[in-house]
Amino acid sequence: GASLASMTTIRVSFCLNAGAKAGQPLATVVARDSATEALLQAASNKLRLKKREAASAHLYVWSTGVRVDLAAADISGCVADGDLVVVGFGEPFAGKQPAAAAAGSDLRAWEARWEARSADLALVEWRDAVAMNRALGRLSTLLEHPAHRGRLVSHAQQRRLPSASYLGHNLYADTLRSFESLAAAAREAEAAASPAELAFLAGWAERGAPQVVVSYVSGATPTLAHELCHARYALLPPYRGAVDAAWARHEQLLCKWMADLGYHASRHADEFGAYLLTEPHAFWRGRVAPREAAELRAVLAAALGEPL
8 GASLASMTTI RVSFCLNAGA KAGQPLATVV ARDSATEALL QAASNKLRLK
58 KREAASAHLY VWSTGVRVDL AAADISGCVA DGDLVVVGFG EPFAGKQPAA
108 AAAGSDLRAW EARWEARSAD LALVEWRDAV AMNRALGRLS TLLEHPAHRG
158 RLVSHAQQRR LPSASYLGHN LYADTLRSFE SLAAAAREAE AAASPAELAF
208 LAGWAERGAP QVVVSYVSGA TPTLAHELCH ARYALLPPYR GAVDAAWARH
258 EQLLCKWMAD LGYHASRHAD EFGAYLLTEP HAFWRGRVAP REAAELRAVL
308 AAALGEPL
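The letter at position 17 of the sequence shown is residue 24 when you use our numbering, and the numbering goes up by one with no holes.
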């Protein structure tokens, strides 16, 4: 999935969603805490919100139209450095809408759109991160969380985990079948499959149970690029071999760092390849030299062959 479990310091500006100054930055903070509660508190302090206003506030990212899930543990999968965060109080979002809305669709009329890219790969475009993570967060935790891989966490536990705030998910047939079995066997209601999870699983089955399902929030193009790298890793053996070879040379140096980002060891090679192909040099903070990163990208690109 596309998120960072530990957030570096980022600069965030705040604006109002309505009124004469809608969309105009009114205050800026340097965020050193990725907790969602800390972001809401910063917005409340900087915009001098009353307690009643803060309690009813909705937050959006101006550039993407993504609504910040205030029930999620942190903002690392939703808010990035330099973002303008919009504070609203229940009125319709005044900024940029996701691509589907720009094309004239009513956002309320859809939640997820499926596209069969091939017999083995399905893409799912989601209306917003809240709806997507409600359906897929626990599945990604089952797949890749360093402490919870292979385990079914409760819905309450999930709300505090990184995948509660992802902008994209990469899921596989084995993961979905495992989740179905674990949820069906759950003894407590708090661990049983939710309606949103069941609806996603039904949609997957209705479409022939493809081997790979890539989900992304509408308008989150960089996230989609990252997630498609995971599809290539699963479906294209030459690319997977090139990534595995590159990771083998860097595993000792980067293993702990990848775990700190929130990934189980079984996911490190795949994530390494995706980050190499989609992130700028600054992402590595000296862990991989710019020249070496460029050489590795060239090797991986050559192994890709035909695009998916």
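Beta carbons are placed, not taken as given, at the ideal position from N, Cα and C, and that holds for glycine.
Per DSSP, Tyr246 is one residue of the alpha helix (DSSP H) stretching across Pro244 to Asp267. For Trp121, the enclosing beta strand (DSSP E) begins and ends at Ala119 to Ala123. Leu47 and Ala310 have their C-alpha atoms roughly 44 Å apart.
Cβ contact annotation for Val94 (same chain, cutoff 8 Å, sequence separation greater than five): Phe21, Cys22, Leu23, Asn24, Ala50, Leu54, Leu56, Ala64, His65 and Leu66, in chain order. Counting only the Cα atoms, Leu303 lies some 31 Å from Ala171. Between the stretch 233-243 and the stretch 205-221, the count of C-beta pairs closer than 8 Å reaches three or more; the two stretches touch. Annotated three-state conformation of His271 is coil, per DSSP. In the DSSP assignment, the residues bridged to Cys22 are Val93. Membership of Trp211 in the alpha helix (DSSP H) is indicated by the continuous run Pro202 to Glu213. In terms of Cβ geometry, Asp135 and Arg194 do not form a close pair [threshold 7 Å]. Between Glu118 and Leu130, the C-beta gap is not smaller than 7 Å, which leaves the two residues out of contact. Rounded to the nearest whole angstrom, the CA to CA distance from Tyr173 to Ala78 is 13 Å.
For Ala38, the enclosing beta strand (DSSP E) covers residues Ala34 to Ala38. Distance from the CA atom of Asn140 to the CA atom of Leu168, rounded to whole angstroms, is 11 Å.
When DSSP states are grouped into helix, strand and coil, Tyr173 belongs to the coil group.
A direct Cα-Cα distance of roughly 22 Å separates Thr35 from Ala80.
DSSP places Val137 inside the alpha helix (DSSP H), whose first and last residues are Ala136 to Glu151.
By the Cβ neighbour-count rule, Pro217 is buried, with 16 or more other Cβ atoms within 10 Å of its own.
Looking at the DSSP output, Leu128 bridges to Val219. The beta carbons of Ala61 and Ile17 sit about 21 Å from each other, so the pair does not count as a contact at 8 Å. Here Arg184 carries a helix assignment [DSSP, helix/strand/coil]. Judged by beta-carbon spacing, Val37 lies beyond the 7 Å limit of Asp90, meaning their Cβ atoms are not closer than that value. For Leu47, no beta strand (DSSP E) encloses it; the enclosing alpha helix (DSSP H) starts and ends at Thr43 to Lys53.
Annotated as proximal: Phe207 and Ala142, with beta-carbon spacing under 7 Å.
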